[in-house]
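Heads up: the sequence shown is residues 1084 to 1587, going by this note's numbering.
Heads up, the beta-carbon is just placed ideally off N, CA and C, and yes, glycines get one too.
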Amino acid sequence: MDLTVLLVFLVTFVIVGYLYVKKKQSYWEKHGVPYVNPAFLIGNLWGVGTSKHFAIALQDNYRELKGKDVIGGIYFLTDPVALILDMDLMKNILIKDFQYFHDRGVYVNERDDPLSGHLFSLPGQKWKLMRAKLSPTFTSGKMKMMHSTIIAVADEFKKFLEPYGSRNEEVEIKEMLACFTTDVIGSCAFGIECNSLKEPNTEFRRVGKQVFEFSGLSFAKQIAIQTFPKLAKSLRMSITPPDVTNFFMKLLRETIDYREANNVNRSDFLSLMIQLKNTGKLEGDNVDLGKLTFEELAAQTFVFFVAGFETSSSTMAFALYELALNEEIQERAREEVNAVLEKHGGEFTYEACMELKYLDRVIQETLRKYPIVDNLMRVATNDYNVPGTKHVIPKGMGILIPVYGIHRDPEIYPNPERFDPDRFTDENIKQRHPMAWLPFGEGPRICVGMRFGLMQTRVGLATILSKYRLKATQKTPIPMTYAPLSAFISPPGGMWLKIEKLSS
């Protein structure tokens, strides 16, 4: 009898669970929105993290739904998510109607995970206040201040590449670039010489890798936390690995204590953060921005580090990959770099870097083909009536803008697989919708560090092109594929290229 009761209970539980999931996964059908048929329980995440990167899965959904409506329906597990298909609607969401979509919906738990409380993730009013404090630290004047620091690291990078170039060696260029950007960020953010180029297993490099390289278990944990944020917060779960938190908090406390005790003031990001912590103002500005707590300072410095080294190193690696496959474009970029260098007495001054217009187009086209942030996520903070339709995006629903899919759309970019920097002449840019290129986002939540990232990328590429030629080898990933578990798009076996020193 007991066994029969247990069996009835289990069958009832399975049936009720099945009906509950089917009901949740019928949301888009009931609301008359075209949708991609979801897999039971998994939704439209089938294969993500095992056989395909999230960027490719979202691109597939975009291609299937585009042209059917201005929004399409997909599911993250059982949760409905609105996929934005129309660029006018994207503009509304990111700019015109920003007040409905100012949150990213990213997990933040400042109590148990203080490094999660950074500008990228913060919601609502907290984001607005933090943005007001940080924006003045990324002005062109502040970037010019940090430029000499980047050049100093670039000079070391040039020396580091010398033996490889002299031997025409095949190298894994992405890891070298990650060491370069780690040293740049370490110096600009913390005023510390990381020496990742000389010692690739340095603690800074190890910690940087840990943030972005997932195992199957850690990837599943990230999905679970994002899907059930309230439960995760009640269980005191953190996104940041504990040893990463301990490393950064200890490093920052010791560095700040030393600087304040010895009255050290450097031209770096941390000095600006210390000014905000102590006075709520930046030197030379008479605007009261409000003080930062130590935890707030730590979170902003942390995101400056992790976002600054990985995004720029990946962009440079993809740029060099395309230049190796397109020799004429590589030569044209090199000619510009050398001409600008000659004009400025062989020095990569800030003004010289700003004159590299063709190299800028190379970077823009690289970010089109390989947007490091492959999608933009927002959450509706109030019910939103989609203009020109009967659709309503309800409060609390997640929305996705498929950046990678847009950038590879042949109706927007003819022959999208071809690498063509001239897509980004002023004339060609004017002919496209302003939402056709979104590697940094757009609107009030556009990447605050965009200027710094582009400056670092420009210097790194110019440094290499002025002295070395890049060529593809048998180990070069052709065609390009992406590691399924990588946080950002990245080739699974690294970026292998031959580096040849140019004759004088």
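By the CB criterion at 9 Å, Gln1383 and Val1189 fall outside the cutoff. Annotation: Glu1147 to Lys1174 spans about 22 Å, alpha carbon to alpha carbon.
Asn1468 carries a strand assignment under DSSP once its states are collapsed to helix, strand and coil. Separation of Gly1532 and Phe1392 (C-alpha to C-alpha, rounded to the nearest whole angstrom) is 12 Å.
By the beta-carbon neighbour count (other beta carbons within 10 angstroms, threshold 16), Trp1579 is buried.
Looking only at Ala1381, Gln1557, Phe1123, the smallest Cα-Cα distance to Asn1329 is reached by Ala1381. Each residue's CA atom was taken as its position, placing Thr1362 and Ser1279 some 34 Å apart. Given a length threshold of 3 residues, each whole run of the beta strand (DSSP E) inside the segment 1211-1282 is given here in chain order: 1253-1255.
In this structure, the straight-line span from the alpha carbon of Gly1274 to that of Arg1336 is close to 13 Å.
Collapsing the DSSP output to three states places Asp1169 in coil. DSSP places Glu1379 inside the alpha helix (DSSP H), whose first and last residues are 1377-1408.
Collapsing the DSSP output to three states places Met1460 in a strand. Spanning the alpha carbons of Val1456 and Ala1402 requires a straight line of approximately 16 Å.
Per DSSP, Gly1479 lies in no beta strand (DSSP E) and is assigned neither H nor E.
Bounds of the alpha helix (DSSP H) holding Ile1446 are 1440-1452. For Tyr1158, the enclosing beta strand (DSSP E) begins and ends at 1154-1159. Here Pro1163 carries a strand assignment [DSSP, helix/strand/coil]. The residue among Leu1198, Gly1526, Glu1510 with its C-alpha nearest the C-alpha of Met1332 is Leu1198. Counted as a single uninterrupted DSSP element, the stretch harbouring Trp1111 is not any beta strand (DSSP E) but the alpha helix (DSSP H) occupying residues 1110-1113. Around the beta carbon of Trp1210, 16 or more other beta carbons sit within 10 angstroms, so the residue counts as buried.
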